[in-house]
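In numbering that gives the first Met the number 0, the protein residues as written are 0 to 468. Here the structure is laid out as structure tokens; the discussion comes afterwards.
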Amino acid sequence: MDQSYISRTSGIGTKDKIGYMMGDLGSLLVFGLVQSVLQKYYTDVLGITPWAIMIMFVVARVWDAINDPIWGRIVDGMPAKADGRYRHWLKVLAIPTAVCAILMFVKIPGLSSGGYLVYAYVTYILFGMLYTGINIPYGSLAQVITSDERERSSLSVFRSVGSVIGALPAMVLISMCYVKLADGTRVMSYNKIITGVIVIAVLCVLAFLLAYKWTTERVKTKPAPKQKGQTWKVFKVLVKSRPFVAVCIVGMLYLAAQMFSQSYYNYLFHYYFNAPGLSLLPQVCIYLPVAVVMFFAGKLGAKVGRRELCAYGVLFSAVCNFALYFLGTKSVWIFLGALFLSGIGGAFIFLLLWAIATDAIDYNAVKFGLHDEATSYAIFTFMRKLGQTVAAILTNAALIRIGYDGATVAAENLTDSVLKSMYNDSVLIPAVLYLLMFIVLLFVYPLGKQKIAELQAQKEKVLGQLHQG
């Protein structure tokens, strides 16, 4: 009875951490297909033009602006089930999400180019709806597994490790899905792609079910009040919350940098380096440092501040990419070495972004009395999806510049100047995005080390009453 609120609602073990990790592993198994495979599948297998893909991503985000907040309000308004407030969604939506991931890569014989485009619209948007539906409650789980900010930092690290592991199968698939034709041309094999996608989807379901089984909801929360104008009230609070707005911008920029690199490097290695079989290596170099940094990122973040650590990390990544621009290297190994160094800086924001987002949501609860966690995650998720759209626009705009249309590039367009333009885009765009992240983290996001310590003390006073029952 004398225990503090935070001590009563904390004390996670290895099982919780691994269970929470499995949730993002499941998410990235299927989302990794969107990051690494879908763009090139659309152009090279379905023959959809970069212009059409770019427009499709914009239309999907317009729909997400409606869909994502609706999901958030549904999750916030639902009372807790016998198996938890958020966990049960993992069990309910695991199979539908995996099935939709497969449908995105089903090629129906005999469809016209317009038919394939319509099919792509329907399946991609449907996948996005279900992916949001399972990710909003999954993201909200961090708020109820523990109330301790150090333990949440640990959950963020494990979540990020799960995303690295989950993204690997799609990276392997994109590097191994090529076949060589009689004339020596290497093209994507539909049979290899669909087989790999089905295997990945099955693993996704297993991962989500393990996340459901191995996590525990310690913080008991009430459904959001069903009052007239409550949704508008929540949005007004989120918009005026400086930490939340800043972390949403950072999340958008970071996913834009991630997805642009993962999509565009497939083309860069195919044409500039003439090594499509090595297209897995850039992502390995970028994420390999995570395997080392994960062991001390949480402790180092607590010591020097999560905001500060992430800000200077992305600044270092920006410097590495600017260095590649000035080097203008033709050596694939120098390029990969610089990406590895960039990955060291980026590992901190990769591992701690979710902890920073949780800090911002805690700030809203303490300062504004807002306990609509799922709606907050819905808006954060939507902003990350905007990053996906930014990446799609940048990727396809860069392809349009070099005359890439469908599955072929005219040989006469592959001049040295065009290839150089491709190389410059591949390093300058991530460099600028990382630099913008540094500016927002250090000069806009206010929750530095000292502010986090103060927030933790305020949580003890405020959230004990806010989450009773």
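Note that beta-carbon positions come from the ideal geometry of N, C-alpha and C, so glycine has one too.
Worksheet item: DSSP three-state call for R400: helix, strand or coil?
Response: Mapped onto the sequence shown, residue 400 falls at position 401. Helix at R400.
Discussion item. Rounding to the nearest angstrom, what Cα-Cα distance links K419 and L323 in this structure?
Written reply: The sequence position of residue 419 within the sequence shown is 420, counting from 1. The sequence position of residue 323 within the sequence shown is 324, counting from 1. The straight-line gap from Cα to Cα measures roughly 12 Å.
Practice prompt. Have a look at E216 and A93 and give me their C-alpha separation to the nearest angstrom.
Written response: In the sequence shown, residue 216 corresponds to position 217, counting from 1. In the sequence shown, residue 93 corresponds to position 94, counting from 1. Those two C-alpha atoms are separated by around 19 Å.
Discussion item. Can you confirm whether the region 64-74 touches the region 362-382 when touching is taken to mean that 3 or more C-beta pairs between the two stretches lie within less than 8 Å?
Written reply: Verdict: yes, contact present.
Worksheet entry | N- and C-terminal bounds of the alpha helix (DSSP H) containing R149 | Residue numbering aside, residue 149 sits at position 150 when the sequence shown is read from its first letter. For R149, the enclosing alpha helix (DSSP H) begins and ends at E148 to M175.
Item to complete: May I have the straight-line CA-CA distance separating A409 from Y266, to the nearest angstrom?
Response: Mapped onto the sequence shown, residue 409 falls at position 410. Mapped onto the sequence shown, residue 266 falls at position 267. Here A409 scores only 47 on pLDDT, less than 50, and its place in the model should not be relied on; the value that follows carries that caveat. Take the alpha-carbon of A409 and the one of Y266: they are about 14 Å apart.
Worksheet item: Considering only residues of the region 234-277, which uninterrupted alpha helix (DSSP H) runs meet the minimum length of 4 residues and lie entirely inside it, listed in chain order?
Response: Listed in chain order, the complete alpha helix (DSSP H) runs (minimum 4 residues) inside the region 234-277 are 241-266.
Fill in: Simplified DSSP state of F379, which is helix, strand or coil
Here the question's residue 379 lines up with position 380 in the sequence shown. F379: helix per DSSP, three-state reduction.
Worksheet item: Which of helix, strand or coil does DSSP assign to G304?
Response: As a first step, residue 304 is located in the sequence shown; it is residue number 305 there, counting from the start. Here G304 sits in coil by DSSP.
Worksheet item: Whose CA, out of L385, L129, G345 and S341, lies closest to the CA of L308?
Response: The residue labelled residue 308 in the question sits at position 309 within the sequence shown. Looking at the Cα atoms, G345 is the closest of the given residues.
Worksheet entry | Residues near R60 in its chain [Cβ-Cβ closer than 7 Å; skip 5 each side] | Indexing the sequence shown from 1 puts residue 60 at position 61. A distance below 7 Å between beta-carbons, with the five flanking residues on each side excluded, links R60 to the following residues of its chain, in chain order: K384, L385 and T388.
Practice prompt. Work out the CA separation of P49 and Y403 for me, nearest whole Å.
Written response: Counting from one through the sequence shown, the residue named residue 403 turns up at place 404. Counting from one through the sequence shown, the residue named residue 49 turns up at place 50. If you take the alpha carbons of Y403 and P49, they lie about 8 Å apart.
Discussion item. Taking 6 Å as the limit between beta carbons, can you name the residues of its chain near L398, skipping five residues before and five after?
Written reply: Locating residue 398 in the sequence shown gives position 399, where the first residue counts as 1. Cβ neighbours of L398 within its own chain (closer than 6 Å, five residues either side excluded): P49.
Worksheet entry | Selection from V57, L140 and A359 that minimises the alpha carbon distance to F243 | Numbered from 1 along the sequence shown, position 244 holds the residue referred to as residue 243. Taking only the C-alpha atoms, the option nearest F243 is A359.
Worksheet item: From this set, G161, L280, D43 and I285, which residue's C-alpha is nearest W353's C-alpha?
Response: As a first step, residue 353 is located in the sequence shown; it is residue number 354 there, counting from the start. Checked all of G161, L280, D43 and I285; the closest Cα to W353 is G161.
Worksheet item: So, I199 versus P168, is the Cβ gap smaller than 8 Å?
Response: By one-based count along the sequence shown, residue 199 stands at place 200. By one-based count along the sequence shown, residue 168 stands at place 169. A distance below 8 Å separates the beta carbons of I199 and P168.
Fill in: Distance between V291 and S262 (C-alpha atoms, nearest Å)
Residue numbering aside, residue 262 sits at position 263 when the sequence shown is read from its first letter. Residue numbering aside, residue 291 sits at position 292 when the sequence shown is read from its first letter. Their backbone Cα atoms lie some 25 Å apart in a straight line.
Worksheet item: Cα separation between G276 and W231?
Response: In the sequence shown, counting from the first residue as 1, residue 276 sits at position 277. In the sequence shown, counting from the first residue as 1, residue 231 sits at position 232. Annotation: G276 to W231 spans about 50 Å, alpha carbon to alpha carbon.
Discussion item. Helix, strand or coil for V178? Go by DSSP, reduced to three states.
Written reply: Counting from one through the sequence shown, the residue named residue 178 turns up at place 179. In the structure shown, V178 sits in a strand (DSSP, three-state: E or B).
Discussion item. I'd like to confirm the pairing. Which residues does DSSP put opposite V331 in its beta bridges?
Written reply: Reading the sequence shown from its first residue, position 332 is the one you call residue 331. Its beta-bridge partners do not exist; DSSP assigns none.
Worksheet entry | Terminal residues of the alpha helix (DSSP H) in which V186 lies | Here the question's residue 186 lines up with position 187 in the sequence shown. Taken as a continuous stretch (DSSP letters only), V186 belongs to no alpha helix (DSSP H), being part of the beta strand (DSSP E) at R185 to M187.
Worksheet item: Given I392, which residues of its chain have a CB within under 6 Å of its CB, disregarding the five upstream and five downstream residues?
Response: Counting from one through the sequence shown, the residue named residue 392 turns up at place 393. The answer, listed in chain order, is M53.
Item to complete: May I have the straight-line CA-CA distance separating L279 from Y211, to the nearest angstrom?
Response: In the sequence shown, residue 279 corresponds to position 280, counting from 1. In the sequence shown, residue 211 corresponds to position 212, counting from 1. Between the alpha carbons of L279 and Y211 lies a gap of roughly 31 Å.
Discussion item. Within 10 Å of its beta-carbon, does D182 have 16 or more other beta-carbons around it, so buried, or fewer, so exposed?
Written reply: Residue mapping note: residue 182 aligns to position 183 of the sequence shown, counting from 1. With fewer than 16 Cβ atoms within 10 Å of its Cβ, D182 is classed as exposed.
Worksheet item: Excluding sequence positions up to five away, which residues of its chain have a Cβ less than 7 Å from the Cβ of L441?
Response: As a first step, residue 441 must be located in the sequence shown, where it is residue number 442. Close CB contacts of L441 within its chain, under the 7 Å cut and outside five residues either way in sequence, are with A310 (chain order).
Worksheet item: Out of L110, I193 and L32, which has the shortest C-alpha to C-alpha gap to Y123?
Response: Taking the first residue of the sequence shown as 1, we reach residue 123 at position 124. Of the listed residues, the one whose Cα sits closest to Y123 is L32.
Worksheet item: The alpha helix (DSSP H) with L45 in it runs from where to where?
Response: Stepping through the sequence shown from its first residue, residue 45 is reached at position 46. In the DSSP assignment, L45 falls outside any alpha helix (DSSP H), carrying neither H nor E.
Practice prompt. For the alpha helix (DSSP H) holding D15, just list the boundary residues, first then last.
Written response: What you label residue 15 is simply residue 16 of the sequence shown in a count that begins at 1. Its alpha helix (DSSP H) spans residues T13 to L32.
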